[in-house]
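**Q** To start, I am sharing the structure in question, which I have written as structure tokens.
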Amino acid sequence: MIDRFVAESSEYEFKVAIETKKPRSWLKTVCGYANCIGGELLFGVDDNRNVVGLENIQEGSEYISRMIKDKIVPIPDFFLTPKIYKGNFKSCK
């Protein structure tokens, strides 16, 4: 999965963790994608494309969904897709 991404660009961005204290940092990216041609925000991936994973994928997915729905008006179309990486649930995009 991660091999197809060479580096961050206008179409995708990596986030090593879900920033709960400063969600505005990644919510701005969601808004930017919603106002353009779209894109992918990959959580649990560092800037060097290393999959570091998320501690609690279910809780993280629910938090991301809730923040997008509560903070962005109008609510953009988005998909949360947990991914299995080498046999483990490791990232969420």
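Per the working numbering, residue 1 is the first one in the sequence shown, and the count goes up by one each step. Heads up, the beta-carbon is just placed ideally off N, CA and C, and yes, glycines get one too. Since this is a predicted model, take the numbers as computed values, not measurements.
Given N35, which residues of its chain have a CB within under 7 Å of its CB, disregarding the five upstream and five downstream residues?
**A** none
**Q** In three-state terms, what does DSSP make of K83?
**A** strand
**Q** Which residues does DSSP pair with E13 in a beta bridge?
**A** L41
**Q** Identify which residue in I37, I18 and L41 has its Cα closest to the Cα of T29.
**A** L41
**Q** Three-state secondary structure (DSSP) at V51?
**A** strand
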